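J.: I have a structure I would like to understand better, so I am pasting it below and will then ask my questions one at a time.
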Amino acid sequence: MGIFSKWKPDRKPKPIPPVDLSLIGVDMHSHFLPGIDDGATDLEDSIQLILHMHELGYRRFITTPHIFWDMYKNTPEIIREKLAILKEELVRRQIPVELEAAAEYYCDEHFEKEIEAQTLLTFGKKKYVLFEISFAQENVNLGRAIFNMRLAGYTPILAHPERYEFWHNDFRRYESMLDKDVHLQLNINSLTGQYGPGARRISERLIERGMVTFIGSDCHHMGHIQLVNAARTHPHLKRLIESGNLLNCEL
Ligand SMILES: [Fe+2]
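Structural data, given as structure tokens:
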């Protein structure tokens, strides 16, 4: 046994024929509302993104603009107003998709206040709340925010857990989310390696362990749609769809 005997090259799995994304059908994480975060820049951009996603097989979208009080001070009123404008344009152009809006909440002080006031934007019968944490460091208030969400009758969904690099070497962090009744939402693009090999490996592992219950595009621009398309040939996407664990279709 040499010193390299345990070393395994980081190879992408062998591609498979592209998966039919209409089997997912519902996308529940995207930034399609025009001009209110770092997603769609204007109404035409919103329409083009939705059209391309529809071509890939999606028929229903719950779009989730950032609410991140230091950067994007989006309120339910702003979000509802933009949603109405976009829905009207979809009807005018006869694009046969369903569109709803909620939010992707950043776990900050504003978020905790909204939890307390029970004014969060939710989706689905279980009052799902999509939220994210810092990519740079642990959020010391995470446990409290989750506890208070559950107490207020919300069902938390943690966005792209595979992207929090400081959890990559401690898989228990993911398990502890499930223990706290937090759903894990994988970014479909993570399977392509877009966010690095670590995020891809964690994505594969989360799927192998049956821990992923939602999958989202997190689409901000056309480049993300190309990656969604590329992810279709990843065997783990097929495995996830066939697992029966995904709840996207119920939304
Ligand atoms: Fe997002």
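Note that numbering that gives the first Met the number 0 numbers the sequence shown so that position 168 is 167, with each residue one more than the last. The C-beta atom is built at its ideal place from N, Cα and C for all residues, glycine as well. These numbers come from a predicted model, not from an experiment.
(1) Just how far apart, CA to CA, sit Met27 and Gly215?
(2) Below 8 Å, how does it come out for the segment 155 to 163 and the segment 172 to 190: are there three or more Cβ pairs, yes or no?
(3) If we count the other Cβ atoms within 10 Å of its Cβ and call it buried at 16 or more, is Met70 buried or exposed?
(4) Name the DSSP bridge partner or partners of Gln184?
(5) So, is Ser202 buried or exposed, given that buried needs 16 or more other C-beta atoms within 10 angstroms?
(6) Can you grab the Cα-Cα spacing for the pair Cys106 / Pro12, in whole Å?
(7) Let me confirm a value: Arg231 is counted as buried when at least 16 other C-beta atoms fall within 10 Å, else exposed. Which label applies?
(8) Excluding the five sequence neighbours on either side, which residues of its own chain have a C-beta within less than 8 Å of the C-beta of His223, listed in chain order?
(9) From Ile77 to Asn140, what does the alpha carbon distance come to, in whole angstroms?
(10) Within the same chain, show all residues whose beta-carbon is closer than 6 Å to that of Leu226, passing over the 5 residues directly before and after it, in chain order.
(11) Bridge partners for Thr62 per DSSP, in chain order?
(12) DSSP three-state label for Phe110, please.
(13) To the nearest angstrom, report how far apart Glu115 and His109 are at their CA atoms.
(14) Measuring CA to CA, which of Lys72, Asn73, Val18 and Arg92 is closest to Ile49?
(15) Per DSSP, Glu131 forms a beta bridge with which residues?
(16) Under a three-way DSSP split, which group does Tyr163 fall into?
(17) Could you tell me if the beta carbon of His30 falls within a distance shorter than 7 Å of some heavy atom in ligand 1?
(18) Give a single yes or no on whether Asp252 has its beta carbon closer than 7 Å to a heavy atom of ligand 1.
(19) Which two residues bound the contiguous alpha helix (DSSP H) that contains Val139?
(20) Find out if the Cβ-Cβ distance for the pair Val25, Arg59 is shorter than 8 Å.
T.: Put simply:
(1) Take the alpha-carbon of Met27 and the one of Gly215: they are about 6 Å apart.
(2) yes
(3) By the Cβ-count criterion, Met70 is exposed, with fewer than 16 other Cβ atoms from all chains shown falling within 10 Å of its own Cβ.
(4) Ala158 and Phe213
(5) buried
(6) 34 Å
(7) buried
(8) Asn188, Ser216 and Asp217
(9) Approximately 27 Å between the Cα atoms of the pair.
(10) Correct list, in chain order: Asn188, Thr191 and Gln193.
(11) Thr62 is bridged to Ala100.
(12) helix
(13) 10 Å
(14) Arg92
(15) DSSP, once it has assigned bridges, lists Tyr105 as partnering Glu131.
(16) coil
(17) yes
(18) Absent from the model: residue 252. The displayed extent of the chain is 0 to 250, so no value can be given.
(19) It is not in any alpha helix (DSSP H) - Val139 carries neither H nor E in the DSSP assignment.
(20) yes
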